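For the sequence shown, the positions run 1 to 153 when this note's numbering is used.
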Amino acid sequence: MSAARILVVDDAATVRMYHRKLLGDAGWQCAEAVNGMDALEKVASLSDGQRFDLFVVDVNMPKLDGYGFVRELRRLPLAVQAPVLMVSTEAQSQDAGAARMAGANCYLIKPAKPPELVLTAALLLGDVAAAVKAAGAAAALPSSLSLPKGVLA
C-alpha cells in the first residue's frame, strides 16, 4: 500500500512546515498550499487516478479561507474529495460548528499537539498502525496536557 497523500493548506509557512514534519514523520506524503485558492488549483491539477487522501486546512487565509475551500471541495466530484481536518486558532464552539457546516470532518485548535494531530489524521485516513502509535504517544501525555474531548465531528 502506498503512503497516504495529504495536502496541508495554511498561509503561514511555519505552520505548514510543522504539520508537514509531523505528518511526514508518521509516514505520509505531504504537499502544501498557501491558501484555499492555491489548494483548489492543486486539486484540479491532479492527473487521472491521483488524489489527496486528507486535507489539513487553516481557517483564516487570504484569497479563499478554509471554510470557502471546503465548500468548494465538497462541490467537486467524489473522486477528488477526501476527509478534511481543520486546524485553527479560532477556539469558540461556533467555529467548530462552522467548519462542520462547511463540510469539514473535524476541527482542532492551534497549536495542535503532535499526538493529537497525528492521531486525528490517522483516524481520518483509516491508518490503524499510525493511530495505535499516536494513541500510545497521547496516552503518555501528563493529564494536564490531555487531548480535548469532542474534536471529531
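From the three backbone atoms N, C-alpha and C, an ideal C-beta is built for every residue, glycine too.
It should be emphasised that the depicted structure is a prediction, and the values quoted were computed from it without experimental measurement.
In the three-state reduction of the DSSP assignment, R71 falls in the helix class. For L85, there is no enclosing alpha helix (DSSP H); the enclosing beta strand (DSSP E) covers residues V84 to S88. Close CB contacts of A31 within its chain, under the 6 Å cut and outside five residues either way in sequence, are with L7 (chain order). If you draw a straight line from the Cα of M61 to the Cα of A129, it is about 33 Å long.
As computed with DSSP, L7 is found in a beta bridge with A31 and F55. In the DSSP assignment, L108 falls outside any alpha helix (DSSP H) and within the unbroken beta strand (DSSP E) covering C106 to I109. A distance below 7 Å between beta-carbons, with the five flanking residues on each side excluded, links K42 to the following residues of its chain, in chain order: L7, A31 and A33. In this chain, the alpha helix (DSSP H) harbouring V118 covers P114 to L125. Remark: C-beta atoms of A96 and F55 do not approach each other more closely than 8 Å. Burial state of M101 is exposed, judged by a 10 Å Cβ sphere holding fewer than 16 other Cβ atoms.
As the crow flies, the alpha-carbon of G68 is around 19 Å from that of I109. The Cβ atoms of P111 and A134 do not sit closer than 8 Å to each other.
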